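Take the sequence shown: its letters are residues 1 to 348, numbered as in full-length UniProt numbering. Using N, Cα and C, we set each Cβ at its ideal position, and we do this for glycine too. All figures in this text were calculated on a predicted structure; none of them were measured in a lab.
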Amino acid sequence: MKALVFQGPGSMSWTDVPDAHLVDPTDVVVRVNTTTICGTDLHILKGDVPAVTAGRVLGHEAVGVITEVGSAVTSLAVGDRVLVPAITSCGKCGPCKCAMPSHCASVGGIGWIFGHLIDGTQAEYVRVPFAETSVHVLPEAVTNEQAIFLADILPTGFEIGVQYARVQPGDTVVVVGAGPVGLASMRTAGLYGAATVIAVDLSEARLQRSLGFGADETINSGTVDVRARVLELTHGLGANVVIEAVGIPETFELCTALVRPGGNIANVGVHGKPVDLHLEDLWINNITITTGLVNGTTIPTLLDLVAHEKIDVGTFSTHSFGLEQMMDAYDVFAHADTHDALKVTISR
């Protein structure tokens with residue numbers, strides 16, 4: 001089969017690899033119909049994730065059809081159309097039983113294994129371990145192109161952003177970073193009753209796009225004093241919730257300057273460098289800071305909301321490619337500003 005293979009930092013290829021096949025009785029094999037690219041994949045290509053070694057098939061998001069089932073699989077069948085999410089869950093270990101499959105003990109203490117510890121989803125076929133407690137059978141009302149965004153970015157923005165920050169009815173929520181995950185937080189903040197959502201970014205194009213994802217106000221951090229504007233919009237109080245969705249020290253420190261006493265900062269961005277934490281200023285303001293890796297436990301709820309047209313996820317995709325155009329898709333996604341790209345969909 002064909003797959004996108006990591007060849008070491010700065011190198012990848014769309015090439016022939018051995019066919020995906022059953023290994024354990026709890027496995028299924030899925031024929032990939034739709035996949036996408038995540039910012040984490042770009043981090044891997046830069047060499048930022050040492051656990052990913054040369055020869056690994058990348059990708060951790062897919063929608064497809066089951067073609068083989070292991071001998072222990074009873075609730076799934078060949079022909080089922082399923083979502084393969086970023087997180088694999090055995091359903092039996094301590095973390096999984098505590099609704100924290102992001103740290104599933106049965107797959108090595110980290111639920112993200114596709115394109116990381118085992119071969120991933122940017123391929124014609126993928127082996128899925130612990131299939132019965134990992135994949136989601138899709139309702140007819142949800143298309144492949146909609147479902148793919150429930151594999152990672154939408155639950156990440158909702159769980160690690162909105163839920164971890166404990167958004168309440170009437171809250172003012174500032175999202176720093178209007179990329180795909182930041183937009184996912186904006187899209188779902190209204191589910192918990194946020195009264196005002198403020199998008200902060202350097203890109204005017206992304207800020208304008210955020211208005212279609214639930215933002216009520218936008219602030220260009222390259223031309224406007226963000227703290228002064230947030231204080232103006234909140235009558236001098238600051239935001240109830242600030243969500244960091246970039247992953248660099250400057251944006252995290254900005255978040256600490258925007259939150260009001262008693263407020264919450266949810267860090268969603270993936271940080272590659274140390275960040276100064278000014279506890280000497282924060283402790284007296286009763287600030288709560290949360291971090292996390294998505295668990296995917298909200299996927300069934302989000303699927304129902306998408307199926308009933310309560311959440312529009314189609315606007316996440318700005319570019320579409322065929323599987324054989326995987327390298328072109330990476331080029332566009334890696335140069336998102338040049339191409340005005342959010343997420344790409346890659347389909348058969």
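Original post:
Hey, quick one: how far does the alpha helix (DSSP H) through G39 stretch, first residue to last?
Top reply: Numbered from its first residue, the sequence shown carries residue 39 at position 39. Per DSSP, G39 belongs to the alpha helix (DSSP H) from 39-45.
Subject >> Cβ-Cβ distance between D171 and I198 below 8 Å >> reply: As a working note, residue 171 is residue 171 in the sequence shown. As a working note, residue 198 is residue 198 in the sequence shown. Taking 8 Å as the Cβ cut-off, D171 and I198 do not qualify as a contacting pair.
Original post:
E217 bridges to which residues according to DSSP?
Top reply: Position 217 of the sequence shown, counting from 1, holds the residue named residue 217. Its beta-bridge partners are I198.
**OP:** Please list, in chain order, all residues of the same chain as P261 whose beta carbon is under 7 Å from its beta carbon, the five residues on each side excluded.
**Re:** Reading the sequence shown from its first residue, position 261 is the one you call residue 261. Cβ within range, chain order: N285, N286.
Original post:
Looking only at its own chain, which residues have a Cβ that is under 6 Å from the Cβ of N264, when we skip the five neighbours before and after it?
Top reply: Counting from 1 along the sequence shown, the entry for residue 264 is found at position 264. These residues qualify, in order along the chain: A165, R166, V241, T288.
Original post:
Is V226 helix, strand or coil when you go by DSSP?
Top reply: Against the sequence shown, residue 226 aligns to sequence position 226. Helix at V226.
**OP:** Could I get the ranges of all uninterrupted beta strand (DSSP E) runs contained in the segment 107-145, with 3 residues as the minimum, in chain order?
**Re:** With a minimum length of 3 residues, the continuous beta strand (DSSP E) runs that stay inside the segment 107-145 are 125-128.
Original post:
Three-state secondary structure (DSSP) at H21?
Top reply: Stepping through the sequence shown from its first residue, residue 21 is reached at position 21. Note: H21 maps to coil in three-state DSSP.
Original post:
If you draw a straight line from the C-alpha of L303 to the C-alpha of V142, how long is it?
Top reply: As a first step, residue 303 is located in the sequence shown; it is residue number 303 there, counting from the start. As a first step, residue 142 is located in the sequence shown; it is residue number 142 there, counting from the start. So the two alpha carbons sit approximately 8 Å from each other.
Original post:
What residue does the beta strand (DSSP E) around G8 start on, and which one ends it?
Top reply: Working through the sequence shown from its first residue, we reach residue 8 at position 8. Its beta strand (DSSP E) spans residues 2-8.
**OP:** Please confirm whether S106 and V294 have their CB atoms less than 8 Å apart.
**Re:** For this step, residue 106 is matched to residue 106 along the sequence shown. For this step, residue 294 is matched to residue 294 along the sequence shown. No. Outside cutoff.
**OP:** Would you check if there are 3 or more beta carbon pairs closer than 8 Å linking the segment 18-27 to the segment 105-125?
**Re:** yes
**OP:** Run through the segment 243-309 for me and flag every whole beta strand (DSSP E) of 3 or more residues, listed as ranges in chain order.
**Re:** 259-267, 288-290
Original post:
Rounded to the nearest angstrom, how far is the Cβ of T318 from that of E145, given a contact under 8 Å?
Top reply: Here residue 318 refers to the residue found at position 318 when the sequence shown is read from its first residue. Here residue 145 refers to the residue found at position 145 when the sequence shown is read from its first residue. So it is not a contact: roughly 12 Å between Cβ atoms.
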